[in-house]
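When we follow my numbering, the leftmost residue of the sequence shown carries the number 31, and every step to the right adds one. We put the CB at the ideal spot given by N, CA and C, even for glycine. Since the structure comes first, as structure tokens, the remarks are kept for the end.
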Amino acid sequence: MSTAIGRKIKIGIEGCGSLNLFLRRLAPHRADTKTLPALPYLISKQDQQRQESGGVKSLRMLALLGAGVSGLLSCATVAYNSDEAEHGLACPNYPWPHKGVLSSYDHSSIRRGHQVYQQVCASCHSMSLISYRDLVGVAYTEEETKAMAAEIEVVDGPNDEGEMFTRPGKLSDRFPEPYVNEQAARFANGGAYPPDLSLITKARHNGQNYVFALLTGYRDPPAGVMVIFFPRLEIVLKGRKFSK
31 MSTAIGRKIK
41 IGIEGCGSLN
51 LFLRRLAPHR
61 ADTKTLPALP
71 YLISKQDQQR
81 QESGGVKSLR
91 MLALLGAGVS
101 GLLSCATVAY
111 NSDEAEHGLA
121 CPNYPWPHKG
131 VLSSYDHSSI
141 RRGHQVYQQV
151 CASCHSMSLI
161 SYRDLVGVAY
171 TEEETKAMAA
181 EIEVVDGPND
191 EGEMFTRPGK
201 LSDRFPEPYV
211 NEQAARFANG
221 GAYPPDLSLI
231 TKARHNGQNY
241 VFALLTGYRD
251 PPAGVMVIFF
261 PRLEIVLKGR
271 KFSK
């Protein structure tokens with residue numbers, strides 16, 4: 031009787047040991063199974079953090095771009111306003127006949143404009159980018175332009191002896207400049223430097239309208255204003271005046 035009870039106890043103890051061993055072996059798997067659901071959560075959270083950081087970076091980039099564009103526009107506005115203020119008052123827009131898509135310049139007007147420049151403006155202002163050949167077929171015939179160019183003397187050379195010489199002008203020569211350098215121009219004009227007129231309509235706000243308004247805007251000085259020297263003349267334009 032006692033022997034049978036002892037065997038049952040032994041079997042129970044061994045069974046408990048086997049069950050304990052089985053539970054120990056199963057414990058890591060259970061731990062793994064408990065940690066497995068956490069992995070997708072961690073991965074998804076990392077992705078979410080990356081997406082959030084990427085979104086923040088994108089917003090920062092857009093903010094920087096927006097600030098840059100607004101700064102650029104403000105600079106352009108300031109530059110436009112300063113350019114307009116620098117070159118005087120706003121002038122009217124004239125109905126020029128050559129503004130159309132299929133329109134062209136009036137050759138008689140070009141000829142008259144060259145005569146005005148030659149007789150009035152050339153004593154102070156240069157047109158260093160214009161050659162005599164540019165007038166052929168536009169304002170004068172080729173013979174007229176050659177005769178006009180021959181009236182000037184151009185320093186050329188060197189010759190075979192290595193010396194410079196003067197010759198009559200030809201079609202390929204550019205318009206002569208009134209001064210040898212900028213210092214001479216400023217000295218002759220009381221410190222003012224007369225601008226080159228080759229691209230004057232592109233260099234001024236409102237282009238040809240500005241030039242036309244300036245040329246036709248000369249008025250007698252107001253009462254009590256004495257004009258001492260021409261470069262300091264105050265030109266009255268549309269009831270107002272500015273110094274050039």
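Indicate the three-state DSSP secondary structure (helix, strand or coil) for Ser138 in the structure shown. helix
If I measure Cβ to Cβ from His137 and keep anything under 8 Å in the same chain, skipping five residues before and after, which residues do I get? Val168 and Ala169
Report all residues from its chain with a CB closer than 6 Å to the CB of Pro198; omit the five preceding and five following residues, and keep chain order. Ala180
Bounding residues of the alpha helix (DSSP H) (the contiguous stretch that carries Glu183): Run containing Glu183: none in the alpha helix (DSSP H); it sits in the beta strand (DSSP E), Glu183 to Asp186.
The beta strand (DSSP E) with Arg234 in it runs from where to where? Note, Arg234: premise wrong, no beta strand (DSSP E); not H, not E.
Can you give the Cα-Cα distance for Tyr223 and Tyr209, rounded to whole angstroms? Taking the straight line from one Cα to the other gives about 11 Å.
Return the bridge partner residues of Val241 from the DSSP annotation. In the DSSP output, where bridge partners are listed per residue, Val241 has none listed.
On the three-state DSSP scale, how would you describe Val150? helix
Under the three-state DSSP convention, the category Tyr170 falls into: strand
Between the CA atoms of Ala215 and Tyr162 - distance to the nearest angstrom: 23 Å
Mapping DSSP to helix, strand and coil, what is Phe205? Three-state result, Phe205: coil.
So the candidates are Leu229, Gln145 and Arg142; which of them puts its Cα closest to the Cα of Ile160? Nearest option by C-alpha distance: Leu229.
Hey, does Glu212 have any beta-carbon neighbour from chain D nearer than 8 Å? The question asks about chain D, but that chain is absent: this structure has only one protein chain.
Taking Arg197 as part of the beta strand (DSSP E), name the residues at either end of that continuous run. First-last of the beta strand (DSSP E) with Arg197: Phe195 to Pro198.
Could you spell out the range, first to last residue, of the alpha helix (DSSP H) harbouring Arg163? That residue, Arg163, is in no alpha helix (DSSP H); it is neither H nor E in DSSP.
Measuring straight from C-alpha to C-alpha, what distance separates Ser134 and Pro127? 8 Å
At which residues does the alpha helix (DSSP H) containing Glu212 begin and terminate? Glu212 to Ala218
Do Met194 and Val185 have their C-beta atoms closer together than 8 Å? yes
Rounding to the nearest angstrom, what Cα-Cα distance links Met256 and Tyr248 in this structure? Spanning the two alpha carbons is a distance of roughly 15 Å.
How is Asp62 classed by DSSP in three states: helix, strand or coil? Interpretation of Asp62 is limited by its pLDDT of 47, a score under 50 that renders its predicted location unreliable; the figure taken from the coordinates is listed afterwards. If DSSP states are grouped into helix, strand and coil, Asp62 belongs with the helices.
How is Thr246 classed by DSSP in three states: helix, strand or coil? coil
Report yes if the C-beta distance between Ser156 and Asp226 is below 8 Å; otherwise report no. yes
In three-state DSSP terms, what is Gly143? helix
Give the straight-line distance between the Cα atoms of Gly220 and Gln238, rounded to the nearest whole angstrom. Answer to the nearest angstrom: the Cα atoms are 27 Å apart.
Which residue's Cα is closest to the Cα of Ala120: Val131, Gly192 and Arg234? Arg234
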